[in-house]
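Number of protein chains: 2
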Amino acid sequence: MKIAVLGGDGYCGWATALYLSQKGHAVAIVDNYVRRLWDHELGAQTLTPIRALTDRLRVWQNLTGKTIEMFVGDVSDYDFLFSAFRSFEPEAIVHFAEQRSAPYSMIDRKHAVFTQVNNVVGTLNVLFAMREFLPDCHLVKLGTMGEYGTPNIDIEEGYITVEHNGRRDTVPFPKQPGSFYHLSKVHDSHNIMFTCKIWGIRATDLNQGVVYGTMTDETALDEALINRFDYDDVFGTVLNRFCVQAAIGQPLTVYGKGGQTRGFLDIRDTVRCIEIACHNPAARGECRVYNQFTEQFTVLELAERVREGAAAIGIEAVIAHAPNPRKELETHYYNAKHTKLLELGLSPRLLSDELIDTMLERIRGQRERIDASTLVQNVRWVPEPSARAAESLPA
Amino acid sequence: MKIAVLGGDGYCGWATALYLSQKGHAVAIVDNYVRRLWDHELGAQTLTPIRALTDRLRVWQNLTGKTIEMFVGDVSDYDFLFSAFRSFEPEAIVHFAEQRSAPYSMIDRKHAVFTQVNNVVGTLNVLFAMREFLPDCHLVKLGTMGEYGTPNIDIEEGYITVEHNGRRDTVPFPKQPGSFYHLSKVHDSHNIMFTCKIWGIRATDLNQGVVYGTMTDETALDEALINRFDYDDVFGTVLNRFCVQAAIGQPLTVYGKGGQTRGFLDIRDTVRCIEIACHNPAARGECRVYNQFTEQFTVLELAERVREGAAAIGIEAVIAHAPNPRKELETHYYNAKHTKLLELGLSPRLLSDELIDTMLERIRGQRERIDASTLVQNVRWVPEPSARAAESLPA
Chain A
187 MKIAVLGGDG YCGWATALYL SQKGHAVAIV DNYVRRLWDH ELGAQTLTPI RALTDRLRVW
247 QNLTGKTIEM FVGDVSDYDF LFSAFRSFEP EAIVHFAEQR SAPYSMIDRK HAVFTQVNNV
307 VGTLNVLFAM REFLPDCHLV KLGTMGEYGT PNIDIEEGYI TVEHNGRRDT VPFPKQPGSF
367 YHLSKVHDSH NIMFTCKIWG IRATDLNQGV VYGTMTDETA LDEALINRFD YDDVFGTVLN
427 RFCVQAAIGQ PLTVYGKGGQ TRGFLDIRDT VRCIEIACHN PAARGECRVY NQFTEQFTVL
487 ELAERVREGA AAIGIEAVIA HAPNPRKELE THYYNAKHTK LLELGLSPRL LSDELIDTML
547 ERIRGQRERI DASTLVQNVR WVPEPSARAA ESLPA
Chain B
187 MKIAVLGGDG YCGWATALYL SQKGHAVAIV DNYVRRLWDH ELGAQTLTPI RALTDRLRVW
247 QNLTGKTIEM FVGDVSDYDF LFSAFRSFEP EAIVHFAEQR SAPYSMIDRK HAVFTQVNNV
307 VGTLNVLFAM REFLPDCHLV KLGTMGEYGT PNIDIEEGYI TVEHNGRRDT VPFPKQPGSF
367 YHLSKVHDSH NIMFTCKIWG IRATDLNQGV VYGTMTDETA LDEALINRFD YDDVFGTVLN
427 RFCVQAAIGQ PLTVYGKGGQ TRGFLDIRDT VRCIEIACHN PAARGECRVY NQFTEQFTVL
487 ELAERVREGA AAIGIEAVIA HAPNPRKELE THYYNAKHTK LLELGLSPRL LSDELIDTML
547 ERIRGQRERI DASTLVQNVR WVPEPSARAA ESLPA
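Which chain is which? The protein sequence lines are A and B, in order. This note's numbering applies: residue 187 is where the first sequence begins, and numbers increase by one. This note's numbering applies: residue 187 is where the second sequence begins, and numbers increase by one.
Okay, structure coming up:
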């Protein structure tokens, strides 16, 4: 199958592109390298240094004999996207090409506006291009479990059947996202659902949980293929960050009570979920929603798992509660369904002590590269008065 | 009360600004005249020619002794908005400053992207400015009944209490909008709800129905104060268009079966609803949603009302069914609640034969200005293949 991976130079996108290529699909990466730019902006670096995309792809070809095409440009630039699609003619489009950090979107007004415009316009461009000349192509769009928020009822996969005043209907599951980034994905979901209805677009909206790990069978083949590993306050995700803190002997910082429950998955399951979605396309006009995660944990449970894993290899880690930079419920009901990908054949790799230990060992091996200052959370959902005053100068 | 009316040069905005000024509020209009530009773009004209805003405001001052301040600029330009708010320091912000036509948003990709970026960024700017230095100000934001779509259950005012698998929660009412414009309002609603939660913004989201009529007590005071009256295929609303068709002896064109049911209100009720919302501000952190309409009709019922009204003044109008340019259900359940504004004191002016007759007479008086060619609906929700081919050249 011909699959375009938008955002294929990023964390999930890179692992996905290699996996799909290894499985025999014809893969094209569409990326503008902006994720690398954000590292410069934030003064952060991936723990595992990553090569130029051209190098990565050359090594992949030398090792496997497989070619991945490359289109360098911005998905929010319709002329570019149009010509890339015209040239590659994908049968499936895997769309990771969005600004994906909640803290980044909360830095200030400009970052909020950038995140929403970038993500919404990029996805609109993909949908219009599909309508124009890829009517049978299947969009596999990365959403987020964060679109749902933390309602006091079970979270279904995209839709809920409601009985109300004696009538019944199946309607989109109500969304209560918790950052301008998560909101941008909600906007996308509504836009996608509409175009499926009016233009007959085929779409699968994958509401992904928090991803952990970096290594897949493919990225492990050569050092040049290594994936990025983010542990900074803006792009680092929680399990990766805890492991880095443990490896350098710092307390694992749990924001607030740590009762925040979220869905999690191993990056090796991310890539398999994507392939499953591609192999089982949505029907014309269908907007399918899958919740893409394998386990739920509270943040405190995760910290405890890392503490135990660390103890097993002789590291004594402590857990420290820090003020929560976000505004969110710190204890709440959470029960999100995630059976649809299992029904299509996903057999999950659950979080194991072994995985944690392997991560910890790898991080210890890169210890000298860790910049502990980037672990400190500087972005606040509700800015301090002083920060507000500085920001209130229009700029 | 100091009230800023964003979009105060437009159809609802102008009537609202005058009404609030007449009621003794200190009013400022913030507008960039883009609505006038769209007339030029589309080759359409308001039936009732409107004066320059400076003229309108001068006449208003001469007649009433009341001054309305004017800030000319774009709400999506944060520097401008910031300085306008700094200067005027509003206690309530009435936000009409959005692209409000569903067909306009469906013209092509560029118009879809423009509509969503313009509306979403403008509203984000308002919210950030409120956070920065107007923490106690009340946002009165115009949404649309079209955010809800046509679910098979009763439509509540913004929120619905759901029982699901033995648990219960009150959640945002699920949204199923039917155009890129309606989607932009859904995006706004989610953004507003989030900022109420995290920053304590006070907001009232008014999901307005289809507005008809032009005359209010204030606009009737002088010819220079007359409101715009749009009957073209892009900005004209259905009752106004039917009246124009009847007045020039053309069939009233009902799209499809005409069973599409919507909420409607008289523009004289629009302005009163706005004042009611301003007088009863939301609490800090509250995101209140009111459904702002007074009656439900099917499109066919409206056509029949106009036919009867026309007959009463000696015009024989016929109803013709035309292919529906939109993709929507043409017969459906529709029962939308709208009690909250009534509870706060709105006494509705329901659609009367007298109003229809007055509108018809006025339109007859302007007969020679009517351009019948602009009544033809040219925008298609699903473009014809030929239109698609032309559009598929990136431009």
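We put the CB at the ideal spot given by N, CA and C, even for glycine.
- By the rule that beta-carbons nearer than 9 angstroms mark a contact, Ala298 (chain B) touches chain A.
- Ranking B:Arg244, B:Asn218 and B:Asp225 by CA distance to the CA of Leu204 (chain B) puts B:Arg244 first.
- The contact set of Lys513 (chain A) on chain B, defined by CB atoms closer than 8 angstroms, consists of Lys383 and Ile384 in chain order.
- Shortest Cα-Cα distance from Asn305 (chain A) to any of A:Phe479, A:Ile236, A:Leu249 and A:Ile378 involves A:Ile378.
- Between the C-alpha atoms of Leu532 (chain A) and Gln478 (chain A) there is a straight-line separation of about 10 angstroms.
- Taken in chain order, the complete beta strand (DSSP E) segments of 3 or more residues contained in the stretch 256-289 of chain A are 278-281.
- Contact between Phe415 (chain B) and Thr202 (chain B) does not hold, since the beta-carbon distance rounds to 16 angstroms and is not under 8 angstroms.
- Ranked by Cα distance from Lys327 (chain A), the first of A:Arg550, A:Ile279, A:Val216 and A:Glu529 is A:Ile279.
- In the three-state reduction of the DSSP assignment, Lys188 (chain B) falls in the strand class, which pools E and B.
- Sequence-distant Cβ neighbours of Thr347 (chain B) in its own chain, meaning closer than 6 angstroms and more than five residues away, are Thr356.
- Looking at the DSSP output, Lys327 (chain B) shares a beta bridge with B:His281 and B:Asp391.
- Ala432 (chain A) is not a Cβ neighbour of Ala522 (chain A), given a cutoff of 9 angstroms.
- Cα atoms of Ala406 (chain A) and Tyr197 (chain A): separation of roughly 14 angstroms, rounded to the nearest angstrom.
- Taken through DSSP and simplified to helix, strand or coil, Thr405 (chain A) comes out as helix.
- Within the stretch 329-344 of chain A, the residues whose Cβ lies closer than 7 angstroms to some Cβ of chain B are Pro337, Asn338, Ile339 and Asp340, listed in chain order.
- For the 9 angstroms CB-CB criterion, Asp452 (chain A) and Tyr520 (chain A) do not form a contact.
- In the three-state reduction of the DSSP assignment, Val562 (chain A) falls in the coil class.
- Runs of the alpha helix (DSSP H) lying entirely within the stretch 455-507 of chain A, each at least 4 residues long, are 485-498 in chain order.
- Within the DSSP bridge table, the entry for His350 (chain B) names B:Arg353 as partners.
- DSSP lists A:Leu451 as the beta-bridge partner residues of Val397 (chain A).
- Within the stretch 245-266 of chain A, the residues whose Cβ lies closer than 7 angstroms to any Cβ of chain B are, in chain order, Tyr264 and Asp265.
- In terms of beta-carbon proximity, Phe359 (chain A) lines the interface with chain B, with at least one pair separated by less than 9 angstroms.
- Listed along chain A are Lys361, Pro363, Leu369, Val372 and His373, each with a C-beta nearer than 8 angstroms to that of His376 (chain B).
- Chain A has a Cβ within less than 9 angstroms of the Cβ of Asp355 (chain B).
- The Cβ atoms of Leu392 (chain A) and Ala463 (chain A) sit closer than 9 angstroms to each other.
- Within the same chain, Cβ atoms closer than 7 angstroms to the Cβ of Ala468 (chain B) are found at His324, Arg388, Ala389, Thr390 and Arg474, the five residues on either side in sequence being excluded.
- In this structure Arg286 (chain A) is buried. Its beta-carbon is surrounded by 16 or more other beta-carbon atoms within 10 angstroms.
- Straight-line spacing of the CA atoms in Arg295 (chain A) and Ile556 (chain B) works out to 45 angstroms.
- When 9 angstroms is used as the limit between beta carbons, Phe380 (chain A) is near these residues of chain B: Gln362, Pro363, Gly364, Ser365, Phe366, His368 and Leu369, in chain order.
- With 16 or more other CB atoms across the displayed protein chains lying within 10 angstroms of its CB, Arg427 (chain A) is buried.
- Sorting A:Leu228, A:Leu546, A:Ala238 and A:Gly210 by C-alpha distance to the C-alpha of Gly435 (chain A) places A:Leu546 at the top.
- Close to chain A, meaning a Cβ-Cβ distance shorter than 8 angstroms, are the following residues of the stretch 299-326 of chain B: Val299, Gln302, Val303, Val306, Val307, Leu310, Asn311, Phe314, Arg317, Glu318 and Phe319.
- Annotation note: the stretch 516-555 of chain A contains the following uninterrupted alpha helix (DSSP H) runs of length 4 or greater, listed N- to C-terminal: 526-529 and 539-551.
- With contacts defined as CB atoms closer than 9 angstroms, Glu494 (chain B) and Gln446 (chain B) fail to qualify as a contacting pair.
- Taking a 10 Å sphere around the C-beta of Asn248 (chain B), we find fewer than 16 other C-beta atoms and assign the residue as exposed.
- Counting the other CB atoms within 10 Å of its CB gives Glu404 (chain A) a total of 16 or more, which places it among the buried residues.
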